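Below is one structure; the comments refer to it alone.
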Amino acid sequence: MKIVKHLWKKNYLAFNAITEQRKPIRLHCEELTGQTDDQFERQRHFRNIILPSEGNREVKTIDLLSVTTTLEVGVDIGALQAVMLGNMPPQRFNYQQRVGRAGRRGQAYSVILTFCRGRSHDEFYFANPHKITNDAPPTPFLQ
Numbered sequence: 008m009k010i011v012k013h014l015w016k017k018n019y020l021a022f023n024a025i026t027e028q029r030k031p032i033r034l035h036c037e038e039l040t041g042q043t044d045d046q047f048e049r050q051r052h053f054r055n056i057i058l059p060s061e062g063n064r065e066v067k068t069i070d071l072l073s074v075t076t077t078l079e080v081g082v083d084i085g086a087l088q089a090v091m092l093g094n095m096p097p098q099r100f101n102y103q104q105r106v107g108r109a110g111r112r113g114q115a116y117s118v119i120l121t122f123c124r125g126r127s128h129d130e131f132y133f134a135n136p137h138k139i140t141n142d143a144p145p146t147p148f149l150q
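Right, dumping it as structure tokens:
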């Protein structure tokens, strides 16, 4: 028990939950990739469309969705308020497609967090964020 108490003191969220007598928060997480089963069902649940035959709406509602490049193909995933990117996308349009999934339902705010790793590509855009967010689109061309 001493070890657990020691760990609680080191963990900000756990410490606050214990000292302020807060109830634990339910967080339902799912994954949405091209390889997961029931992709359409997961999308429906993330949009908070739960059928009466599926049981408790609160248990089925998805709070956190882990995705791959699914965010680039125009998948509607409902009232998404936050996007966290695990790396810097390769091009400006990839970035805009991914982060553009948040804030589509008239929410007051949306949050985007992009992790940059120690690669030259990531470091370039970290030092020049306007290049990934505000550069002019390339001129269209036919081949």
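Position 86 of the sequence shown, counted from 1, bears residue number 93 in this note's numbering, the numbering being contiguous throughout. Every residue gets a Cβ at the ideal spot worked out from N, C-alpha and C, and that includes glycine. Predicted model, so just to flag it, every value in this text is computed and none were measured.
- [ ] Mind checking who residue 37 pairs with in its DSSP beta bridge?
- [x] 72
Task: residue 138 versus residue 149 - alpha carbon distance - done: 25 Å
Task: Buried or exposed by the 16-neighbour rule on C-beta atoms within 10 Å, applied to residue 75 - done: exposed
Task: DSSP beta-bridge partners of residue 89 - done: 118
TODO: Please report how far the alpha carbon of residue 130 lies from the alpha carbon of residue 35, in whole angstroms.
DONE: 33 Å
Task: For residue 104, the first and last residue of its enclosing alpha helix (DSSP H) - done: 99-106
TODO: Apply the 10 Å Cβ neighbour rule to residue 109 and answer buried if 16 or more other Cβ atoms are within range, or exposed otherwise.
DONE: buried
Open item on the list: Going by DSSP, what residue range makes up the alpha helix (DSSP H) through residue 145?
Closed with: From DSSP, residue 145 is part of no alpha helix (DSSP H); its letter is neither H nor E.
Open item on the list: If you reduce the DSSP assignment to three classes, tell me which class residue 126 lands in.
Closed with: coil
Open item on the list: I'd like to know whether the C-beta atoms of residue 104 and residue 88 end up nearer to each other than 9 Å.
Closed with: no
Task: Three-state class that DSSP yields for residue 109 in the structure shown - done: coil
- [ ] Can you tell me which of 32, 73 and 142 puts its alpha carbon nearest to the alpha carbon of residue 93?
- [x] 73
TODO: Would you tell me roughly how many angstroms separate the C-alpha atoms of residue 61 and residue 119, rounded to the nearest one?
DONE: 32 Å
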